[in-house]
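Residue numbers (the UniProt record's numbering), protein chains in the order written: chain R, 1 to 311; chain Y, 1 to 311. Input: a single structure, listed below in structure tokens.
There are 2 protein chains.
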Amino acid sequence: MTEKVFAVIGTGAIGGYYGARLHHGGHDVHFLFNSDYQHVTEHGLTVDSHYGDYSIDKKQLNAYADTSEMPKADVILIALKTTQNHLLDTLLKPLLKPDSLVMLLQNGIGAEQEIAQHFDLPYVGGGLCFICSNKTGPGHIHHIDYGRITMGLYGEKQTTALDEFAEDLLQAGVDVEIDRNIIDARWKKLLWNIPFNGLSTVLNADTKQMMNCNELVELSRSIMGEVQQAAQTTDTLIEDALIDAMLTNTAKMKPYLTSMLLDRRHQRELELQYMYKNAIDMADKQGVSMPKTQALYQQLCFINQQIKNEG
Amino acid sequence: MTEKVFAVIGTGAIGGYYGARLHHGGHDVHFLFNSDYQHVTEHGLTVDSHYGDYSIDKKQLNAYADTSEMPKADVILIALKTTQNHLLDTLLKPLLKPDSLVMLLQNGIGAEQEIAQHFDLPYVGGGLCFICSNKTGPGHIHHIDYGRITMGLYGEKQTTALDEFAEDLLQAGVDVEIDRNIIDARWKKLLWNIPFNGLSTVLNADTKQMMNCNELVELSRSIMGEVQQAAQTTDTLIEDALIDAMLTNTAKMKPYLTSMLLDRRHQRELELQYMYKNAIDMADKQGVSMPKTQALYQQLCFINQQIKNEG
Chain R
1 MTEKVFAVIG TGAIGGYYGA RLHHGGHDVH FLFNSDYQHV TEHGLTVDSH
51 YGDYSIDKKQ LNAYADTSEM PKADVILIAL KTTQNHLLDT LLKPLLKPDS
101 LVMLLQNGIG AEQEIAQHFD LPYVGGGLCF ICSNKTGPGH IHHIDYGRIT
151 MGLYGEKQTT ALDEFAEDLL QAGVDVEIDR NIIDARWKKL LWNIPFNGLS
201 TVLNADTKQM MNCNELVELS RSIMGEVQQA AQTTDTLIED ALIDAMLTNT
251 AKMKPYLTSM LLDRRHQREL ELQYMYKNAI DMADKQGVSM PKTQALYQQL
301 CFINQQIKNE G
Chain Y
1 MTEKVFAVIG TGAIGGYYGA RLHHGGHDVH FLFNSDYQHV TEHGLTVDSH
51 YGDYSIDKKQ LNAYADTSEM PKADVILIAL KTTQNHLLDT LLKPLLKPDS
101 LVMLLQNGIG AEQEIAQHFD LPYVGGGLCF ICSNKTGPGH IHHIDYGRIT
151 MGLYGEKQTT ALDEFAEDLL QAGVDVEIDR NIIDARWKKL LWNIPFNGLS
201 TVLNADTKQM MNCNELVELS RSIMGEVQQA AQTTDTLIED ALIDAMLTNT
251 AKMKPYLTSM LLDRRHQREL ELQYMYKNAI DMADKQGVSM PKTQALYQQL
301 CFINQQIKNE G
């Protein structure tokens, strides 16, 4: 086991789950809380998990309301929603060592590059979490199922820190897959997220309802084709067979409400910058247009504006 | 005044209003009713109009439930919603003379060509009604404002019957404008209808809400650009200035609920074939693609399927 300091920025459904797992594995984990801070100092952190419940007593919990009071960390997990990424400018700085490994457990694309350049950091990576987990109350996380992380570094950098972190996760009971190029993994996740998160949100529909309409399946396929073309601009090859397989699997899935539709229903701001705008802009810079994706993004901007106006 | 027989197929907000006007002008008008038939045979037809109320007593009203009982007509006004156009196959035949003038008072594009070819008719035309009128009950129409018709024939045909019909309408108090090429007029109406009917329906929003979102204005402009390109395939020239003017006027308008959004809210089938699919197909045949219009159409298909499933 490594003797590292771990920091979790954003202790919600994702950050709370993986941070508690690492703590359970015997690691030195420090958690940043926002609105739940007072509550966890009195009641600790509770994870009801599919793999066995786990709590961190208030005396054992390294809880903070401010990163400037946290120790500098070897591994920093960022589990904010991307709509909060503008806060990283101030949140991240106090935690950084010259060789900190910063891992973004977030949706979308483009954030690793942004963080790496903004802070001039050598080791920024991303993790795609295939997990079913919710925050059900202050300091209370309900982990329903799954939990695998696909992770990799941004750019051509190599560091043993990533392999060590993977080892720590595995030892703490988290299934990990390393994809050396995080951009590839991110495009492949966007291949599903861009059509299904957006269309389900605009049409207020679950995946089953969507897959029952032939025209909407064709629209989804067509948007996936745009993502496939966009991915090529970063040398990410997506086979047609992957699109077919995703559509076939989605048709077989139980009715599923996407995270963005849940955000809409709970009047939470939508993750449009990293899930849509960055992808469209990256493609556009290489002369690849994504007209149907852009139309969907523009509709989502309208819905997001309504959410913000009503919030 | 001409001594013509007029037939109105579809005596609702549009057909009832213009038919009653012609009747008021002293013409021989025969009305086809559907669900209102029994009621009008007992109570007649009532039009509460912005330009003065007008009723047709049950004894004066030529009401029918079946076109096979109607006299053959010189001028046939078709005022069904286009979602009912499949019924014309049987409805129209009994009314036709070799030189009947068939006028489609409907939205969208492509129906004149279809009717002209299907029945091998020389004189098929269209009328675009700029009118605010509702059916408020059986045999009861509330005409709120406006009423101008822009009309023209399909194809290169010329007939004095169109001018005579225009004269009859004018004399009956209806403002008429003749646009020799009905296709031009239809594309120009679609220029607004395609973005605003569709987007308002998908997003459940009025025009004011839509125009307050910059991204949605850009999407509307971009869809209008696609309609502009599509119109060129039938040699209809739409100037950029018309797009700018329509957007400027829409921004100034009082909040307006489009007819398609009202159809959605009342769970009525949407007019997708003539307002979207025909336009997309016409352009596609000439190698012009309308990706954002098509994405919108595919979303509307989903909503329409929900309406039909719940109906």
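Beta carbons are placed, not taken as given, at the ideal position from N, Cα and C, and that holds for glycine.
Cβ separation of residue i and residue j, assumed to be a contact under 8 Å, to the nearest whole Å
i, j, result
"Gly173 (chain Y)", "Tyr51 (chain Y)", "6 Å"
"Thr41 (chain Y)", "Lys58 (chain Y)", "6 Å"
"Gly82 (chain Y)", "Gln299 (chain Y)", "The amino acid occupying residue 82 (chain Y) in the given sequence is Thr; Gly does not appear at that position. Thr82 (chain Y) to Gln299 (chain Y), Cβ: 19 Å. No contact."
"Ala230 (chain Y)", "Ala283 (chain Y)", "4 Å"
"Pro195 (chain Y)", "Lys292 (chain R)", "That pair is no contact at about 15 Å."
"Thr160 (chain R)", "Leu153 (chain R)", "Contact flag wrong, Cβ pair sits at about 11 Å."
"Phe302 (chain R)", "Leu203 (chain Y)", "6 Å"
Local Cβ density within 10 Å of residue i, reported as buried at 16 or more and exposed below that
i, result
"Ile144 (chain Y)", "exposed"
"Phe130 (chain R)", "exposed"
"His140 (chain Y)", "buried"
"Gly137 (chain Y)", "exposed"
"Tyr276 (chain Y)", "buried"
"Glu218 (chain Y)", "exposed"
"Leu170 (chain R)", "exposed"
"Met151 (chain Y)", "buried"
"Lys157 (chain R)", "exposed"
"Arg264 (chain Y)", "buried"
"residue 330 (chain Y)", "It is not possible to answer for residue 330 (chain Y), since the shown part of chain Y is limited to 1 through 311."
"Thr207 (chain R)", "buried"
"Ser100 (chain R)", "buried"
"Asn214 (chain R)", "exposed"
Chain R contact for residue i (CB, 8 Å cutoff)
i, result
"Phe165 (chain Y)", "no"
"Val202 (chain Y)", "yes"
"Leu219 (chain Y)", "yes"
"Leu216 (chain Y)", "yes"
Test: residue i CB closer than 8 Å to a CB of chain Y
i, result
"Leu191 (chain R)", "no"
"Pro291 (chain R)", "yes"
"Leu257 (chain R)", "no"
"Ala295 (chain R)", "yes"
"Cys132 (chain R)", "no"
"Leu247 (chain R)", "no"
"Phe33 (chain R)", "no"
"Gln305 (chain R)", "yes"
"Cys213 (chain R)", "yes"
"Phe302 (chain R)", "yes"
Rounded straight-line distance, which links the Cα of residue j to that of residue i
i, j, result
"Gln286 (chain R)", "Trp187 (chain R)", "16 Å"
"Ser222 (chain R)", "Ser259 (chain R)", "22 Å"
"His142 (chain R)", "Ile307 (chain R)", "26 Å"
"residue 312 (chain R)", "Leu88 (chain R)", "In this structure chain R extends from 1 to 311, so residue 312 (chain R) is not present and cannot be described."
"Met210 (chain Y)", "Ser49 (chain R)", "44 Å"
"Ser35 (chain R)", "Ser289 (chain R)", "41 Å"
"Leu247 (chain Y)", "Ala205 (chain Y)", "16 Å"
"Leu91 (chain Y)", "Phe119 (chain Y)", "12 Å"
"Thr234 (chain R)", "Leu80 (chain R)", "26 Å"
"Asp244 (chain R)", "Tyr256 (chain R)", "19 Å"
"Glu114 (chain Y)", "Gly108 (chain Y)", "13 Å"
"Ala65 (chain R)", "Phe33 (chain R)", "5 Å"
"residue 315 (chain Y)", "Gly127 (chain R)", "What is shown of chain Y runs 1 to 311, which leaves residue 315 (chain Y) out entirely."
"Thr98 (chain Y)", "Gln117 (chain Y)", "The identity of residue 98 (chain Y) in the sequence shown is Pro, whereas the question assumes Thr. Approximately 14 Å, taken between the alpha carbons."
"His266 (chain R)", "Gly311 (chain R)", "10 Å"
"Gly44 (chain Y)", "Ile149 (chain Y)", "25 Å"
"Ala251 (chain R)", "Ser220 (chain Y)", "32 Å"
"Tyr297 (chain Y)", "Tyr146 (chain R)", "37 Å"
"Leu261 (chain Y)", "Ile56 (chain Y)", "32 Å"
"Leu85 (chain R)", "Val102 (chain R)", "Before going further, note that residue 85 (chain R) is Asn rather than Leu in the sequence given. Spanning the two alpha carbons is a distance of roughly 13 Å."
Residue i CB to nearest heavy atom of the ligand SAM below 7 Å
i, result
"Asn62 (chain R)", "Ligands displayed in this structure: none; no statement on the ligand SAM is therefore possible."
Sub-8 Å separation of residue i and residue j beta-carbons
i, j, result
"Phe165 (chain Y)", "Val75 (chain Y)", "yes"
"Ala13 (chain R)", "Ser200 (chain R)", "no"
"Ile238 (chain R)", "Leu162 (chain R)", "no"
"Asn304 (chain Y)", "Glu269 (chain Y)", "yes"
"Leu77 (chain R)", "Ile182 (chain R)", "no"
"Ala7 (chain R)", "Leu95 (chain R)", "yes"
"Tyr18 (chain Y)", "Leu105 (chain Y)", "yes"
"Ala295 (chain Y)", "Ala279 (chain R)", "no"
"Tyr37 (chain R)", "Ala63 (chain R)", "yes"
"Tyr54 (chain Y)", "His27 (chain Y)", "no"
"Ala135 (chain R)", "Gly16 (chain R)", "Note that residue 135 (chain R) is Lys in the sequence shown here, rather than Ala. It is a contact, given that the beta carbons lie within the stated cut-off."
"Asp168 (chain Y)", "Leu61 (chain Y)", "no"
C-beta neighbour in chain B for residue i, strict 8 Å
i, result
"Gln299 (chain Y)", "This model lacks chain B altogether, as its protein chains are R and Y."
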